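Notes to accompany the following structure.
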Amino acid sequence: RRMHAAAQAAALQEQMTARYPRLQEIRREMAATAGQVTRAVISGGDVEAAVEEIKRKNLALQAEMAEILAKAGVKSPDFEPQYVCPQCRDTGYAGGKMCRCMEALLKEEACRRLSRMSSLKLTDFALNEAKTLGRNRCYIFDGETYRKFLRKREITQELREAVLNGCQGFAAFYQPVFAEDKKVPYGAEALMRFTSEKLGIISPAEFIPILEETGLIIPAGRWMMREAMGKCSEIRKVLPGFRVSINISQVQASKSDVIQDISAEMKRAGLSLEALIVELTESDLLEQNINEKHFLTELKRMGISLALDDFGTGYSNFHYLSELKPEIIKIDRSFTVKAVADEQEYYLLNQFCTMIHNLDLRICIEGVENEQEWAMIRKLYPEFTQGYFWGKPCEYE
Ligand code: C2E
Ligand code: CA
Ligand code: CA
């Protein structure tokens, strides 16, 4: 609905600016005032006076804009959706008014006599954010976003350095997957870990998206394959049927030759094809491009098993299942958590499992944490289960 409202506002803006060219100028002038305070901060000028000046100018511009809109019979919020500052809840139109916390921040920065370097950095950041909002927009500085931006930049640097140093700092952890009989693990899922000397342990939820965004997942993923396949080969000497699951991200499937990498690493580890399970998430499969289609057909042709990860979190398309025929459907932990706590969700999960079984596919339920949960989950007859109840991810030992 928000997108629809934005589209409507954009269309209205276009119509109105065609009729009243002055509106376009007003918005430009409003956007331009934003830089004034930053300039005052950088030059060591009077920030308070600059803030006052902007407020005065913006009020005048807003009044002029309101007058034009009133004449045309348009309400200002229709013309430009209101911006609400996530911190101080102050509202303003995207093109103009400065929120209270921005004012407070600028005054505080001025008091701390912000160094030229750091104010340039802030300006640079704010300018970039404004650009990502679209043309002719004003970004209202928000300290939290800036801190997140800094952390992400730091992690990115650490990851880059680690990859350049032969993936130093990366580790492969393994979480057991049990089949119905529960006596010996059927296999294990390999999960990536990263510890930086500077920042300590970083959670996969934080570093995996960065690896994907930067493409570093391609070399890091190759390293994971080598690790996981090597260890699997060792375990198979004791447990011959043991299988290892590796997670492949969409970036790897679409931007690198994963099939070539998998074949090379399997050969190197002396691993047979049935020992490997490739996990792909459902959402990744929804956006298949040519390379990914090629990847999937090649996997099938080679006889490598596919597990569909995170099922039950997205669209959960059953057409796909019958078409793609993955060997295993992995029910996401978030679904399991809901199902063990809520009768209706449990009913839904039960229906899902029946449908998957009717398609002759096998199920792995993730996130079983204790005895009670297991008592409920086992009634759904999953072929495999994985969760803290059976074992947390741990190092190979
Ligand atoms: P995923 O593939 O869905 O992996 C399962 C996640 O659930 C793992 O989180 C695992 O530690 C966690 N888990 C399993 N059982 C339980 C349980 O009973 N309770 C709780 N609270 N959690 C449980 P982890 O290791 O943090 O990994 C998060 C995600 O990062 C993975 O989700 C996967 O999408 C991604 N990931 C991890 N390693 C790799 C990798 O090597 N390559 C790629 N592309 N992605 C990876
Ligand atoms: Ca997985
Ligand atoms: Ca999963």
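Quick note on the working numbering: the sequence shown kicks off at 391 and runs consecutively. Even glycine gets a Cβ: it sits at the ideal position worked out from N, Cα and C. Please read all numbers here as calculations on a predicted model, not as lab measurements.
Item	Value
Sequence ranges, beta strand (DSSP E) only - wholly within the region 627 to 694, length at least 3	633 to 637 and 666 to 671
CB of GLU602 within 9 Å of CB of GLN640, strictly	yes
Nearest residue (CA-CA) to ASN555, options LEU589, PRO609, GLY605 and GLU442	PRO609
ILE746, buried or exposed, once every other Cβ within 10 Å from all chains shown has been counted against 16	buried
For ligand 3, residues whose Cβ lies under 6 Å from any non-hydrogen atom	ASP699, ASP700, LYS720, ASP722 and GLU756
Straight-line gap, SER673 to PHE742 (C-alpha atoms, nearest Å)	17 Å
Buried versus exposed, by CB contacts within 10 Å (16 or more), GLU682	buried
Residues that DSSP places opposite ASP436 in a beta bridge	Answer is none; ASP436 lacks a bridge partner.
Delimiting residues of the beta strand (DSSP E) encompassing GLY590	590 to 592
Beta strand (DSSP E) segment containing VAL730, residue limits	First-last for VAL730: undefined, no H or E at that position.
Validate contact between the region 724 to 733 and the region 604 to 622 using beta carbons, cut 8 Å, 3 pairs	no
Three-state secondary structure assigned by DSSP to GLY757	coil
Check: GLN642 C-beta below 8 Å from any heavy atom of ligand 5	As for ligand 5, it is missing from this structure, which binds only ligand 1, ligand 2 and ligand 3.
Presumed contact (8 Å Cβ cut-off) between ILE667 and ALA697, rounded CB distance	5 Å
Own chain residues within Cβ distance below 6 Å of CYS501, not counting five before or after	Low local confidence applies: a pLDDT of 48 at CYS501 is under 50, so the model's placement there is unreliable, and no value is given.
Three-state secondary structure (DSSP) of CYS501	Bear in mind that the predicted position of CYS501 carries a pLDDT of just 48, short of 50, making it too unreliable to give a figure here.
Residues surrounding ligand 1 [beta-carbon distance to nearest heavy atom under 5 Å]	LEU581, MET582, PRO594, ILE598, MET614, ASN637, SER639, GLY757, GLU759, GLY777, TYR778 and PRO783
Short Cβ contact (9 Å threshold) for GLU624 with TYR778	no
Identity of the residues DSSP links to GLY577 by a beta bridge	VAL567 and ARG633
Residues of its chain near ARG768, where Cβ-Cβ distance is below 6 Å and the 5 sequence neighbours each way are ignored	none
Simplified DSSP assignment, three categories, for LEU696	strand
Boundaries (first-last residue) of the beta strand (DSSP E) holding GLN547	No beta strand (DSSP E) holds GLN547; the alpha helix (DSSP H) holding it covers 533 to 554.
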